[in-house]
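Read top to bottom, the protein sequences are chains A and B. Residue numbering for the first sequence follows our numbering, starting at 1208 and increasing by one per position. Residue numbering for the second sequence follows our numbering, starting at 7 and increasing by one per position. All C-beta atoms, glycine included, are put in the ideal place defined by N, C-alpha and C. To start, the structure itself, in structure tokens.
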Amino acid sequence: MLIAILTISAMAGIFGLILGYAAIRFKVEGNPIVDQIDSLLPQTQCGQCTYPGCRPYAEAIANGEAPINQCPPGGQSTVVLLADLLDVEVLELNAEHGDHNDVPLVAFIREDTCIGCTLCIQACPVDAILGSAKHMHTIIIDECTGCELCLPPCPVDCIDLIPIKQTIEDWKWSLPGETLASLESSSEQEGAITYGH
Amino acid sequence: MDIKLSRFNGGIHLDDHKSESLTRPVQVAPLPNQLIMPLKQHIGESNKPLVNVGDRVLRGQLIAGSSSPISAPVHASTSGIVRSIGPHLVAHASGQSADCIIIDVDGKDASIKVEPIEVSQMQAADILDHIRRLGVVGLGGASFPTSPKLSRGIDLGIHTLIINGAECEPYITCDDSLMQNQAYETVRGIGYLQRMLTPKKTLIGIEDNKPKAIEAMKLALQTESLPNTAVVSIPTLYPSGGEKQLIQILTGNEIPTGQLAFDIGIFCQNVGTCLAITQALELNQPLMSRYVTVSGDGVRLPGNWIVRLGTPIKYLIELAGGYVQNGLNQPNATQQHLVMGGPMMGFSLSSDNVPIVKSSNNILVMQQQLIAQQPGIHDECVRCGKCAEVCPAQLLPQQLYWHSRSKEYEKVEAYNLFDCIECGCCSAVCPSQIPLVQYYRASKSEIRATQRATFKSDRARIRFEFREKRLLLKKQQEEQKRRLKREALLKKSAAKKMDSSVADPIQAALDRIKAKKSEQVIVPKNITNLTADQQKQIDEADARRCSEHEQNT
Chain A
1208 MLIAILTISA MAGIFGLILG YAAIRFKVEG NPIVDQIDSL LPQTQCGQCT
1258 YPGCRPYAEA IANGEAPINQ CPPGGQSTVV LLADLLDVEV LELNAEHGDH
1308 NDVPLVAFIR EDTCIGCTLC IQACPVDAIL GSAKHMHTII IDECTGCELC
1358 LPPCPVDCID LIPIKQTIED WKWSLPGETL ASLESSSEQE GAITYGH
Chain B
7 MDIKLSRFNG GIHLDDHKSE SLTRPVQVAP LPNQLIMPLK QHIGESNKPL
57 VNVGDRVLRG QLIAGSSSPI SAPVHASTSG IVRSIGPHLV AHASGQSADC
107 IIIDVDGKDA SIKVEPIEVS QMQAADILDH IRRLGVVGLG GASFPTSPKL
157 SRGIDLGIHT LIINGAECEP YITCDDSLMQ NQAYETVRGI GYLQRMLTPK
207 KTLIGIEDNK PKAIEAMKLA LQTESLPNTA VVSIPTLYPS GGEKQLIQIL
257 TGNEIPTGQL AFDIGIFCQN VGTCLAITQA LELNQPLMSR YVTVSGDGVR
307 LPGNWIVRLG TPIKYLIELA GGYVQNGLNQ PNATQQHLVM GGPMMGFSLS
357 SDNVPIVKSS NNILVMQQQL IAQQPGIHDE CVRCGKCAEV CPAQLLPQQL
407 YWHSRSKEYE KVEAYNLFDC IECGCCSAVC PSQIPLVQYY RASKSEIRAT
457 QRATFKSDRA RIRFEFREKR LLLKKQQEEQ KRRLKREALL KKSAAKKMDS
507 SVADPIQAAL DRIKAKKSEQ VIVPKNITNL TADQQKQIDE ADARRCSEHE
557 QNT
């Protein structure tokens, strides 16, 4: 009886020490679920979700303060991914926060109209605008997320959002069915030949 | 040298259709009226134009380049005037345009001044730099710049050099004619590769349906006497010309998933590239022309041409006698099906107004559309499993098909989609005529697009977080400044308080003012330094004033 008690106590002590050590050694910094949510968000930092950036929105979702359907740039596919991650029901994208745009946009400053007020530079969440006071500003296209946050502060309305031109480099092959749907006539398809037959 | 050949999984025997384009000797294509030179003709970083509209350019002149190491410059392939620089249709599966330099050819074919070079005295680094500057890329199809590839091979150490002359795809005979026509130059190119890579052995793999090329290469090899080098005749089986397949046939080694030939000490190069290296190192000549096959049942006189880069395909088809016109129903080119590359791996072209570039090996003109180019109409998969039997990469094409179709990209990747070499064997044997390769290409490009998007969003996240940090730091610094100022002020007033013994500061201030005032006795300035006479007058006046004052009171 005594041996049993001592053995169990000793084991409990040892396991306790191991667990205690593991808790310190393998401590996870920050909230991993926030990181996971954040990695699914499109990082446009547009604030359309009413939070000041993607990470604050991720934190709000993790804390259960915000629903998962407030991200228009991410669109329905992001909602599905979030629902999958958090094991919650898939919601329709909330139209109150804006519409999803399939074509990626990029801001463009009409340089002859720009007065060099720096207001857009201060508004840009990813430092993608280059310029200084009373000098022309310009957008670094590669860094622009198309968040539209530079539009409202501009006093002369010289910023346009233009769709990014698709190039050969980022062109995508489409699935055969989709190609077919995009073709107007299918009459040419008849009589195809194949190798090996 | 005793070579034991291995066999790769699957593969198919195809009707090779090579004789059509080999009936006539190789011809040098005359100069077209206009050249269309795409700025970028390689895999890697983009080039920038180095000439302006209206400039006169000479043959061999550098017209586009980049400072990036993974790039290959473009040289004018004949002399003429730059007409325009801008988007023009190019030979790409998307049917889209890319930036091109259009040159109006003047017909003089004037060359830039070519300095003779002495390759025997050049160091490996100089040779690499020279090859890079002369725009040499892999001519087997991928167009990877040769210089960085070689430099990586030198770094990693190579035991076997493999020269790819297999040319396994039907209709294509450009490498065959190249080996027949310029075997000596090609072999000397192999010699330069050997000098840089110092492999233990070199194997030149040629399919046995090219006996003339094998003979020519063997003869050239004997004459040039390269050590430990052998021409190996390999059985004709599609796709033995795939890099991984050829390596497996010749060495028995398989390249592991996600690795490259270098990683197992093997370096593979196409015969065309060897010729380009020789031309660069012996003649100091940039890559400006290549062998191109024009073949198929839709063209009158199939054959091979040595074509200047930038030559429009339309012009080349005219050289090949033009399109076959069978009956009134097919009066022009729009009824023919144009394919860039071979029937298995090529892609269809929507227009013949596109240029020959460094990677263009074959123009196929067909009267009927090929299955690989057929968009979408197919029967359902009957799960026969033939595709898996023929897959040279030992993949499961059926699984890849199902998951590609339902856009399950994680699963497609788990089935090693990126090991697929897009050879088209699976599509060719499919009884339901499913264009399987197109499904795989779609999945690949979708996955790559997602990777690009992730890369971009990661960057945006880093920049956003950096900005937040910066703003926070700025705020903290300002706050600190304000706090320090406030503290300094408080300290100052506190110190004052300690000095003063008077409780009431207002009274103290008033006292101070009073004291100051009382100290200030007004001394008129006109009573100093007086003469005795003046003093007497003042005294008299004072006495008078006193007496008057006394009288009044």
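Listing by chain order, which chain A residues have their CB less than 7 Å from the CB of Glu452 (chain B)? Lys1379
Report the option in A:Thr1251, A:Cys1324, A:His1307, A:Gly1227 whose CA atom is closest to the CA atom of Ser463 (chain B). A:Thr1251
Does the separation of the CB atoms of Ala236 (chain B) and Ile253 (chain B) fall below 8 Å? no
Listed by chain order, chain A residues near Asn444 (chain B) by CB distance under 7 Å: Note that residue 444 (chain B) corresponds to Gln in the displayed sequence, not to Asn. Result: Trp1380, Pro1383.
Going by alpha carbons, who is nearest to Lys114 (chain B) out of B:His94, B:Pro205, B:Ser85? Of the candidates B:His94, B:Pro205, B:Ser85, the one whose C-alpha sits nearest the C-alpha of Lys114 (chain B) is B:Ser85.
On the DSSP bridge list, what partners appear for Gln40 (chain B)? B:Asp110
Status (buried if at least 16 other CB within 10 Å, exposed otherwise) for Pro337 (chain B): Caution applies to Pro337 (chain B), whose pLDDT of 47 falls short of 50 and renders its modelled position unreliable; the value that the coordinates give is listed next. Burial call: exposed.
Expressed to the nearest angstrom, what Euclidean distance is found between the alpha-carbon atoms of Glu428 (chain B) and Val363 (chain B)? Near 21 Å, if we compare the C-alpha coordinates of Val363 (chain B) and Glu428 (chain B).
Between the stretch 1330-1364 of chain A and chain B, which residues of the former have CB atoms less than 7 Å from a CB of the latter, in chain order? Of all residues in the stretch 1330-1364 of chain A, Pro1332, Val1333, Asp1334, Glu1350, Thr1352 have a Cβ within less than 7 Å of some Cβ in chain B.
Consult DSSP for Glu213 (chain B) and reduce its assignment to one of helix, strand or coil. strand
Sequence ranges, alpha helix (DSSP H) only - wholly within the stretch 241-320 of chain B, length at least 4: 249-257, 277-288
Do the CB positions of His165 (chain B) and Ala286 (chain B) come within less than 8 Å of each other? no
Given 8 Å, three or more beta-carbon pairs between the stretch 474-491 of chain B and the stretch 1265-1284 of chain A: no
Buried or exposed for Arg1262 (chain A), going by 16 or more other Cβ atoms inside 10 Å? Classification for Arg1262 (chain A): buried.
Closest to Pro1311 (chain A) by CA distance: which of A:Gly1260, A:Thr1325, A:Glu1350, A:Ile1221 is it? Nearest option by C-alpha distance: A:Glu1350.
Taking C-alpha atoms, which residue in B:Pro361, B:Ser451, B:Ser366, B:Val277 lies nearest to Gly352 (chain B)? B:Ser366
For Leu1368 (chain A), name the three-state secondary structure that DSSP assigns. strand
For the pair the stretch 74-89 of chain B and the stretch 269-287 of chain B, tell me if three or more CB-CB distances fall below 8 Å. Cβ pair count under 8 Å is below three, so no.
With burial defined as no fewer than 16 other Cβ atoms inside 10 Å of the residue's Cβ, what is the status of Tyr1258 (chain A): buried or exposed? buried
Quick check: the stretch 225-245 of chain B against the stretch 98-105 of chain B, are there 3 or more CB pairs under 8 Å? no
Which residue's Cα is closest to the Cα of Gly1232 (chain A): A:Pro1239, A:Asn1238, A:Leu1224? Checking the sequence shown, residue 1232 (chain A) turns out to be Arg, not Gly. Minimum Cα distance to Arg1232 (chain A) is reached at A:Leu1224.
If we require 4 or more residues per run, which alpha helix (DSSP H) segments fall completely within the stretch 119-177 of chain B? 130-139, 152-162, all fully within the stretch 119-177 of chain B.
With a cut-off of 8 Å, does the C-beta of Ile1375 (chain A) fall near any C-beta of chain B? yes
Sorted by chain position, which residues of the same chain lie with C-beta nearer than 6 Å to Ala130 (chain B)'s C-beta, five sequence neighbours on each side aside? Met202
Applying a beta-carbon distance threshold of less than 7 Å, which residues of chain A neighbour Ala104 (chain B)? Ile1375, listed in chain order.
Secondary structure, beta strand (DSSP E): runs of 3+ residues fully inside the stretch 470-547 of chain B: none
Starting from the Cα of Ile109 (chain B), find the closest Cα among B:Val125, B:Leu140, B:Gln40, B:Arg158 and give me that residue. B:Gln40
7 Å Cβ cut-off: residues of chain B touching Gln1252 (chain A): Ala466, Phe470
Where Lys218 (chain B) falls: helix, strand or coil (DSSP): Note: Lys218 (chain B) maps to helix in three-state DSSP.
Among B:Val34, B:Val120, B:Lys497, the one whose alpha carbon lies nearest that of Leu64 (chain B): B:Val120 is the residue among B:Val34, B:Val120, B:Lys497 whose C-alpha sits nearest the C-alpha of Leu64 (chain B).
Between Ile1348 (chain A) and Cys1357 (chain A), is the Cβ-Cβ spacing less than 8 Å? no
Establish whether the CB of His94 (chain B) and some CB of chain A are separated by less than 8 Å. no
Beta-carbon contacts of Lys320 (chain B) that lie in its chain and below 7 Å, excluding the five residues immediately before and after: Take Lys320 (chain B), set aside five residues on each side of it, and the residues of its chain with a beta-carbon closer than 7 Å to its own are Asp358, Asn359, in chain order.
Between which two residues does the beta strand (DSSP E) holding Ser354 (chain B) run? 353-355
Mapping the DSSP letters down to three states, classify Leu95 (chain B) as helix, strand or coil. strand
Cα-Cα, which of A:Leu1368, A:Met1343, A:Lys1372 is closest to Pro93 (chain B)? Ranking A:Leu1368, A:Met1343, A:Lys1372 by CA distance to the CA of Pro93 (chain B) puts A:Lys1372 first.
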